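Input: a single structure, listed below in structure tokens.
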Amino acid sequence: MASSMLSLTSASPSPSASLSTQESLKGKLKLRSSGLSFTKEKINPFANGKSFGRVSMVAAVNASRFDGIAMAPPDPILGVSEAFKADTNALKLNLGVGAYRTEELQPYVLDVVKKAENLMLERGENKEYLPIEGLAAFNKVTAELLFGADNPVIKEQKVATVQGLSGTGSLRLAAALIERYFPGAKVLISSPTWGNHKNIFNDARVPWSEYRYYDPKTVGLDFEGMIADIKAAPEGSFVLLHGCAHNPTGIDPTPEQWEKIADVIQEKNHIPFFDVAYQGFASGSLDADAASVRSFAARGMELFVAQSYSKNLGLYAERIGAMNVVCTSADAAARVKSQLKRLARPMYSNPPIHGARIVANVVGDPVLFNEWKAEMELMAGRIKNVRQKLYDSLCAKDKSGKDWSFILKQIGMFSFTGLNEAQSDKMTNKWHVYMTKDGRISLAGLSLAKCEYLADAIIDSFHNVS
Amino acid sequence: MRPRSTSPLAHSSSPLPPPFSSSSPTDRRLNTLVRHLLVENSSSVMDSISASPTSAFHGDSVFAHIVRAPEDPILGVTVAYNKDPSPVKLNLGVGAYRTEEGKPLVLNVVRRAEQQLVNDVSRVKEYLPIVGLADFNKLSAKLILGADSPAIQENRVTTVQCLSGTGSLRVGGEFLARHYHERTIYIPQPTWGNHTKVFTLSGLSVKTYQYYDPATRGLNFQGLLEDLGSAPSGAIVLLHACAHNPTGVDPTLEQWEQIRQLIRSKALLPFFDSAYQGFASGSLDADAQPVRLFAADGGECLIAQSYAKNMGLYGERVGALSIVCKTADVASRVESQLKLVIRPMYSNPPIHGASIVAIILKDRDLYNEWTIELKAMADRIISMRQQLFDALRARGTPGDWSHIIKQIGMFTFTGLNAEQVAFMTKEYHIYMTSDGRISMAGLSSKTVPHLVDAIHAAVTRVV
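Structural data, given as structure tokens:
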């Protein structure tokens, strides 16, 4: 992100700040008899531009050590919700961040989650530190959910699983491992990808480059470009793949395409790095959504998989996820796990318990697990219905003959509309539809009732702005 | 078609010697082996290198060169303790409070706050803002700085929710490494084992200042003043707000005032680690005095707060980083940059623990009950100190053990050396860190005699 690069380079303070550190305080701090309080008499001549009769050397250093710090721009994704909140227009629609909404456009806490939390409170469990690698019960069920409990990689203990702070935190841990143990290795990321991926690798000091992915001409996958770019990368690169429901495009490879991707990755001794944020949420089926990961593991490949329970269990704010590293041996998995722990300790010591316990309780209990599957099908189903209605509205209203079928072909929470930045701005400025500037809309934030309004907005912005 | 981009690092040479322009797996492995063989200050122990550079890489694991890390020295104590089958084993390792019955404690006010959360049907689990729960942030700032703090009233404080103390220190460290002109942080000798790693990985370079005097088992005040006095202007200084970990040795208020004057005279930047507010003396305000002393003089400082101990919220990972700035405008710009540190680390913080804290701090009855429960914990620890001291004296164990009752907080720096500690673990199943630190919170009236036996044996038989 350009903004994060800016902040990395603005290291030097303004001249006034460096002056102030030399113009040091020469004692004479007047403490009152209470010893500890200052009134507001101290003066900062730099603060508000007024002129002052006396510049008191009684005050501490006058200018801030942080004077040279620029105001950072708002996060492109999370900042959308902030802007939405500030908008007072009654027609406003928040299609920014990928958080599921009901048809009434309300946030949704899953019933199984409420049940799990009640159970946890009844049991009166303690709040002791988790081990650095997180809750053991959680780590067990999360790996089984991803790979299948009968998967040889699980049975043979070849998976190093560490609880992480949702998807972001798990990605960051892996990035730190890559920086330390694969110095110079690049991560290949799709063009486009989730906006925060680049920030994560930048902050972890891992170099990255992009592979072609989205083809605006077809509003589909540029498969040839993708394969060519993965082939062209230096041997032993990491290839970041979205396990299902690609963010932001919603465009996933077919099973045949996944096989070819695995082929070329094996050919080049690359290491696949899956980001799985929507297992169960994309198609409605947990197993179907894990197929790409499982097919790679079945080839005996070593791979990284970041998991998140933000969307599929609606645990956004609890920050619960995991980093799984599949290795060729149990010994390698044990060593990798120990090094992931060594990276987690100086970051946050050990992860938060609450979300981990919820997941362990839901996934680990057959009754709750089945109820969860049903709720997830409902959520995925609502999004499919909304896609259909939006498509139908666009077809009915748009007389230009433009092909809107990509809305039905794309999968998951998001749709890549193909709107450019100027058009996206029009969506917001004229129609009060909040979305990210890359043209991504979150269908999770759309209701059937608002589809026609949205269709009007999209048609207007698409045809009347360039 | 959208132009493809690459990160700025993609074409730059690796910061590590020697640079490799290709990145084949063999080259990378050799590079890593070279790094392992060179002295690395932060990566402590490399047992042995298991991969041979000549092993074939086709079909081999890409992780063959990764060695097994040793257990974390502090958290590893509990791991070892759990493995021990002895019925008399005692865990005096990690600083987690235990009741007289040796059980973990969840405070009543915490249970009640949690019940409120579960009963509230309007509660949702939407992402918190990057900076965390707003109420929690405001209340945390007031807790440490005082409700009437001018810095707060003047909007000069930015507070962001972080993952307990560790997370607050890490976010603060990363922020300073990017935006502050001095990249050296001075930490006391000794300090909490994780401090060095946190700041090194943040991108700061770590130096130490004298702190503990083994001869007196107290503060080496002259050494402290000397070392801070010769630090370069503007350097960052880590200060334990109260209940120094691991020594339990705190400066007096008069000494704090001298430290403050020295720090301000050299424009050093104070970074407080406040993990025990209320837990040390039993009084939230008393334990906050050193921090408030600094905030009151109008200068800038950073404060990492943890609710792990004083609210018993260890595993919920609740804490806050506050940065007291010269002006409201600076504070607002600083906050925006803190968000850029947090977003690529974990996006936004966990909601549960912060919600509990906010409920308790906001409600007058819950807050008062909390202060009572907090004082009870602090009092039990103070009484354990007295019991241990009395028992050692009654036993006639050689040495002056008065430091046990002079030191404050959860930990006592016994003065036992690593050999004596290893002896106590092996022969008496006492688990503690090798620096001689014991967690008083893990002691009870029933277990004091066993500990005294162990110390007595160690002091008389092992030198």
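Keeping their order, the protein sequence lines are chains A and B. Residue numbers for the first sequence follow my numbering, so the first one is 189 and each next one is one higher. Residue numbers for the second sequence follow my numbering, so the first one is 531 and each next one is one higher. Virtual Cβ for every residue (Gly too), placed ideally from N, Cα, C. Every value quoted in this text rests on a predicted model; they were computed, and no experiment measured them.
Query: Cross-chain neighbours of Pro460 of chain A in chain B, by beta carbon under 8 Å; Result: Going along chain B, no residue has its Cβ under 8 Å from Pro460 of chain A, so there is no contact; the nearest lies around 11 Å.
Query: Spatial neighbours of Asp463 of chain A in its chain, beta-carbon cut-off 6 Å, leaving aside the 5 residues before and after; Result: His430, Ala494
Query: Contact list for Gly502 of chain A against chain B, beta-carbon separation under 7 Å; Result: Lys655
Query: Within 7 Å of chain A by C-beta, residues of the stretch 697-718 of chain B in sequence order; Result: Gly697, Arg700, Arg708, His709, Tyr710, His711
Query: Asn390 of chain A versus Glu957 of chain B: straight-line alpha-carbon distance, rounded; Result: 50 Å
Query: Nearest residue (CA-CA) to Gly993 of chain B, options B:Asn947, B:Tyr806, B:Gln835, B:Ile960; Result: Reading off the sequence shown, one finds Val at residue 993 of chain B, where the question assumed Gly. Selected option, being the one with the closest Cα: B:Asn947.
Query: Three-state secondary structure assigned by DSSP to Ala637 of chain A; Result: helix
Query: Pair within 9 Å by beta-carbon distance, Ala392 of chain A and Ile366 of chain A; Result: yes
Query: Contacts that Lys727 of chain B makes with chain A (C-beta to C-beta distance below 8 Å); Result: Arg533, Pro534
Query: Closer than 8 Å at the beta carbon, the chain B residues around Lys315 of chain A; Result: Pro634, Val636, Val640, Gly842, Leu843, Tyr844, Gly845, Glu846
Query: Euclidean distance between Cα positions of His385 of chain A and Pro874 of chain B; Result: 8 Å
Query: Members of the stretch 536-548 of chain A that neighbour chain B once the beta carbon cut-off is set at 8 Å; Result: Tyr536, Ser537, Asn538, Pro539, Pro540, Ile541, His542, Gly543
Query: Residues that Ile715 of chain B bridges to, as DSSP identifies them; Result: B:Val736, B:Ile766
Query: First and last residue of the uninterrupted beta strand (DSSP E) at Asp859 of chain B; Result: Counting along the chain, Asp859 of chain B falls outside any beta strand (DSSP E), though it belongs to the alpha helix (DSSP H) covering 858-876.
Query: Validate contact between the stretch 290-300 of chain A and the stretch 542-559 of chain A using beta carbons, cut 8 Å, 3 pairs; Result: yes
Query: Secondary structure of Thr927 of chain B, DSSP reduced to three states; Result: coil
Query: For Ala834 of chain B and Leu636 of chain A, the rounded distance between their alpha carbons; Result: 47 Å
Query: Beta carbon proximity, Thr516 of chain A to chain C, threshold 9 Å; Result: The structure shown contains no chain C; its protein chains are A and B.
Query: 6 Å CB neighbourhood of Arg533 of chain A in its chain, flanking five on each side removed; Result: Ile320
Query: Where Val297 of chain A meets chain B, residues with beta-carbon distance less than 7 Å; Result: Val654, Lys655
Query: Classification of Pro539 of chain A by the beta-carbon crowding that lies within 10 angstroms, buried from 16 upward; Result: buried
Query: Residues bridged to Asn621 of chain B [DSSP beta-bridge criterion]; Result: B:Tyr961
Query: Ser354 of chain A: contacting residues in chain B (beta-carbon distance under 8 Å); Result: Tyr876, Ser877
Query: Inter-residue Cα distance where the pair is Val767 of chain B and Gln791 of chain B; Result: 13 Å
Query: Chain A contact for Asn724 of chain B (CB, 9 Å cutoff); Result: yes
Query: Reference His959 of chain B, options B:His882, B:Val951, B:Arg910, closest by Cα; Result: B:Val951
Query: Three CB pairs or more closer than 8 Å across the stretch 640-653 of chain A and the stretch 614-622 of chain A; Result: yes
Query: Cys639 of chain A versus His620 of chain A - alpha carbon distance; Result: 14 Å
Query: Near-chain B residues of the stretch 455-481 of chain A - C-beta to any C-beta below 8 Å; Result: Asn457, Ile459
Query: Rounded Cβ spacing between Asn500 of chain A and Phe461 of chain A (contact assumed at less than 8 Å); Result: So it is not a contact: roughly 20 Å between Cβ atoms.
Query: Tyr657 of chain B vs Ser498 of chain A beta-carbon contact at 9 Å; Result: yes
Query: Contact with chain B by Gln527 of chain A, beta-carbon distance below 9 Å; Result: yes
Query: From A:Pro371, A:Ala420, A:Glu490, A:Asp410, residue whose alpha carbon lies closest to that of Pro395 of chain A; Result: A:Pro371
Query: With 16 other Cβ atoms within 10 Å as the buried cut-off, status of Ser890 of chain B; Result: The question names Ser, but residue 890 of chain B in the sequence shown is Ile. It counts as buried.
Query: Terminal residues of the beta strand (DSSP E) in which Pro800 of chain B lies; Result: 799-804
Query: Cβ of Thr730 of chain B within 9 Å of any chain A Cβ; Result: yes
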